[in-house]
Ligand SMILES: NC(=O)c1ccc[n+]([C@@H]2O[C@H](COP(=O)([O-])OP(=O)(O)OC[C@H]3O[C@@H](n4cnc5c(N)ncnc54)[C@H](OP(=O)(O)O)[C@@H]3O)[C@@H](O)[C@H]2O)c1
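In the working numbering, the protein residues as written are 36 to 335.
Spelled out as structure tokens, the structure:
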């Protein structure tokens, strides 16, 4: 049967078979791409060879096996530890890094790849391993557009949404950092709220649906906040920062009264206090972006 562009079998090698690397390799295999796998600890390749992957004995053999080489290890240092000893063996390959890292790490890896004849895309996975290969997953890439366009039919099998962010290799790491900041702040808010409620005898299961509804409401504010940030104008139309600050004082007091750690609400209150003291009290909550934009923030 003829294959469309997205299904034409394309050899791909996956280096790094932790929880995420395994999920990536499985998605390539499910889509019918001949997949070669390698991992520093060889036993992790076994579940994949059982479902059709070819196991490479060495990283060099894995790189030699496919024109497209996907690496998913802990960070750029680990990636370079794997690839640097291979030197020019990467010549002519397209390297795609799908682990976490920093923008500077991505740019250094891109420079190393270019010096050794390889094209390079840096990716960021906004999904957990079980979501890989499903509509739920989002994977972003940065690097040369033409390299992305050529690989996109194969990379598309990893996620429902596959997005190219731009030519700067550091962009995907920056997006990933922004999403991690969002994720951990939201989760810490949920955990702190659950600590308040469980200290009051309410179980977390009762809180979860209320928390989810509240998150939907907050999600609805993001577009408007983004416009205010980009326009640099923060009209306090629905609620002013001064109004928020009064409620933050209640959250600190409630935490202290219950014997729950109040450091998180105190941090939130203190940046709002600084902003109000700087004369921004009549503006919207989004004006706090100015507090986050300065590295001096927490120390002032
Ligand atoms: N899991 C997630 O939900 C998720 C989501 C988004 C992004 N990510 C990112 O994806 C990357 C992998 O995550 P994971 O969940 O698969 O982690 P993991 O299960 O801890 O796997 C880490 C992988 O990196 C390899 N590795 C680490 N240092 C190495 C080195 N110096 N040389 C060679 N191989 C090395 C490990 O090899 P060994 O098996 O030999 O130790 C293993 O294959 C991370 O950057 C993570 O932040 C993960």
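Ideal placement from N, C-alpha and C gives every residue a C-beta, glycine not left out.
Three-state secondary structure assigned by DSSP to residue i
| i | result |
| --- | --- |
| residue 160 | strand |
| residue 207 | helix |
| residue 200 | strand |
| residue 237 | coil |
| residue 98 | helix |
| residue 154 | strand |
| residue 1 | Beyond the ends of the chain as shown, which are 36 and 335, falls residue 1; an answer cannot be given. |
| residue 185 | helix |
| residue 103 | strand |
| residue 86 | coil |
| residue 249 | helix |
| residue 112 | helix |
| residue 135 | coil |
| residue 124 | helix |
| residue 171 | coil |
Bridge partners - residue i, DSSP secondary structure assignment
| i | result |
| --- | --- |
| residue 279 | Residue 279 pairs with nothing; no bridge assigned. |
| residue 70 | 47 |
| residue 166 | DSSP lists no partner for residue 166. |
| residue 318 | 270 |
| residue 177 | 157, 201 |
| residue 129 | 103, 154 |
C-beta neighbour in chain D for residue i, strict 8 Å
| i | result |
| --- | --- |
| residue 287 | The displayed structure is made up of one protein chain only, and chain D is not part of it. |
6 Å Cβ shell around residue i - same chain, five flanking residues per side excluded
| i | result |
| --- | --- |
| residue 84 | 90 |
| residue 99 | none |
| residue 54 | 164 |
| residue 227 | 299 |
| residue 130 | 104, 148, 153, 155 |
| residue 106 | 50, 51, 114, 132 |
Other residues of its chain near residue i: CB distance less than 7 Å, five sequence neighbours each side excluded
| i | result |
| --- | --- |
| residue 169 | 195 |
| residue 263 | 269, 319, 321 |
Neighbourhood of residue i by C-beta distance below 8 Å, restricted to the same chain and skipping five residues each side
| i | result |
| --- | --- |
| residue 308 | 280 |
| residue 44 | 38, 67, 68, 69 |
| residue 60 | 49, 52, 70, 72, 83, 88 |
Pairing CB atoms from the segment 127–138 with CB atoms from the segment 151–162, are three or more of them under 8 Å? Pairwise C-beta distances place the segment 127–138 in contact with the segment 151–162, as three or more of them are shorter than 8 Å.
Touching by the beta-carbon criterion (3+ pairs, under 8 Å), the segment 186–205 and the segment 245–259: Fewer than three beta-carbon pairs drawn from the segment 186–205 and the segment 245–259 are found closer than 8 Å, and the two stretches are therefore not classed as touching.
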